[in-house]
Amino acid sequence: MWHRVPVPATTNDPTMDEKTFEDLLARVRAGAAQRERDRELPTALVRELAAAGFPNAHVPASAGGEGADLETLFDRLIRLARADANVAHVFRGHLAFVEKQYFEPDPAVREAWWARVLAGDLVGNAVSEASATSDLSTVLRETDAGLRLDGRKFYTTGSIYADWIDTSAAFGDVSVQVFVPTRAPGVEVVDDWKGFGQRLTGSGTTTFTDVAVEPGHVRTIDPDDDLQTYALGFFQNVLLAVVAGIGFAALDDTVEYVRGRRRIFGYAGEALPREHHLVQAEVGALSSAASAARAIVLQAARTLDAALHAHLRGDSSLLAGAQLEVYRAQQVVLPLVVDATARLFEVGGASAVDVDLGLDRHWRNARTIATHNPAIHRRRAIGDFELNGTTTRRYLPAG
1 MWHRVPVPAT TNDPTMDEKT FEDLLARVRA GAAQRERDRE LPTALVRELA
51 AAGFPNAHVP ASAGGEGADL ETLFDRLIRL ARADANVAHV FRGHLAFVEK
101 QYFEPDPAVR EAWWARVLAG DLVGNAVSEA SATSDLSTVL RETDAGLRLD
151 GRKFYTTGSI YADWIDTSAA FGDVSVQVFV PTRAPGVEVV DDWKGFGQRL
201 TGSGTTTFTD VAVEPGHVRT IDPDDDLQTY ALGFFQNVLL AVVAGIGFAA
251 LDDTVEYVRG RRRIFGYAGE ALPREHHLVQ AEVGALSSAA SAARAIVLQA
301 ARTLDAALHA HLRGDSSLLA GAQLEVYRAQ QVVLPLVVDA TARLFEVGGA
351 SAVDVDLGLD RHWRNARTIA THNPAIHRRR AIGDFELNGT TTRRYLPAG
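Letter by letter, the sequence shown follows residues 1 to 399 in the UniProt record's numbering.
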């Protein structure tokens, strides 16, 4: 088990130029397979990406951010996942936190949080609990010394790298969102995630023991408000972007593997593998899957962007439709890439399963992400909408 590794402060830039991003991508890509084999947390790379402005692209220019649109943000996320799916996944909670500020009714609070993230602060996510019911066991309580937080969260993706943790708790009869500094006394983040994929996302356990909470860092959660409708779609599209990036990463590694081979299917001299029609067909299928996944994710991003802009103009009618569009994308992107990353082994023989190549990690990572928010529940919701006009509800959470 690993605990959070402190990292030095960095100089931050609210915008990120293309050359800086490409240089960072090259460095992330270079050690991806080795880091996963060694279970080496990419802490320094995560902080460098944050310092370069990657996770804050959608902070508006009026608040000092880049003001990029969501299509640009998700395109960069796909490219980062192509370099290392673990690193891209780490930012999921932070990206969603930036989006939540668009729904914050208090301008001073909104601007303060955007200023924090632009200064380099990272936010992790800690919402899920290992319980048989949807009732929150994590509790925020009032004491003579002020508000105190107690509880345990699981699958706390990104929190081990973060400065702040965005968590949830029961506060009397209501559910609340609570923001806690990761280094606050009583906070423990442990990398005990045992999944066979996405091993470096820090999706382990976070424990809160009598943690002091500022009153201004508490927000009531309304499961039926516009924020929840938007956030559910956004959270899911982040996962789909990572999966699309995995498709491209699998393509890159497969092409490199095939180009270096001199024998095929056990028959030396028949043809160079890269010239064999069956190998070409499999690589073509993998390329098509990755490109199609990217196109679907970016279309969903444009839909989310349009819904958000309409909401900011006072029209929230597009939010539910945008959420549903992401759920439709989920039905296609996940099986497309999961299947393609499994079939990539058809391009070679036994050498393709060499652990040093790490080709298996692409399927493992895609399959792991696909277990988040099972697609079958969303598929039923889509069918219910088409047949009965029923809009999706909070019973489809974002895990």
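Ideal placement from N, C-alpha and C gives every residue a C-beta, glycine not left out.
Note on THR205: 16 or more other CB atoms within 10 angstroms of its CB, so buried under the neighbour-count rule. ASN125 and ALA112 have their C-alpha atoms roughly 19 Å apart. With contacts defined by Cβ atoms closer than 8 Å, SER203 and THR138 do not form a contacting pair. Looking at the backbone, the Cα of THR303 and that of TYR230 are separated by about 11 Å. The residue among ARG261, LEU41, VAL117, ARG183 with its C-alpha nearest the C-alpha of ALA350 is ARG261. Under DSSP, SER137 takes part in no beta bridge, so it has no partner. A direct Cα-Cα distance of roughly 22 Å separates ALA271 from ASP252. In the displayed model, SER175 falls within a strand according to three-state DSSP.
Beyond the five residues adjoining it in sequence on each side, LEU336 comes within less than 6 Å, by CB distance, of ALA289, ALA293 in the same chain, given in chain order. Straight-line measurement puts the Cα of PHE154 at about 25 Å from the Cα of GLN323.
At a Cβ-Cβ threshold of 8 Å, ALA169 and LEU200 do not count as neighbours. Judged by DSSP in its simplified three-state form, ARG148 adopts strand. Measuring C-alpha to C-alpha distances from LEU239 to each of GLU22, ALA81, PRO60, LEU25 identifies ALA81 as the nearest.
Burial of THR182 is indicated by the presence of at least 16 other C-beta atoms within 10 angstroms of its C-beta. The residues VAL123, ASP166, in chain order, have a CB closer than 7 Å to that of PHE97 in the same chain once the five nearest residues on each side in sequence are set aside.
Remark: fewer than three beta-carbon pairs, one from each stretch, lie closer than 8 Å, so the region 84–99 and the region 326–345 are not flagged as touching.
For the UniProt domain "Acyl-CoA dehydrogenase C-terminal" (241–373), not one full-length beta strand (DSSP E) segment reaches 3 residues or more.
About 7 Å separates the Cβ atoms of GLY348 and TYR257, confirming a contact at the 8 Å cut-off. Taking a contact as a CB-CB distance under 8 Å, the pair PHE54 and MET16 counts as one, their CB atoms being some 6 Å apart.
By the CB criterion at 8 Å, ASP226 and HIS311 fall inside the cutoff.
Just measuring C-alpha positions, the residue of PHE171, ASP150, VAL187, ALA301 sitting nearest ASP163 is VAL187. For THR209, the enclosing beta strand (DSSP E) starts and ends at 205–213. A residue is called buried when at least 16 other Cβ atoms come within 10 angstroms of its Cβ; PHE171 meets this threshold and is buried. Selection ASN56, ARG79, THR72, LEU70 evaluated against ALA26 yields ARG79 as nearest (Cα-Cα). Look at ALA170 here: in three-state DSSP terms it is strand.
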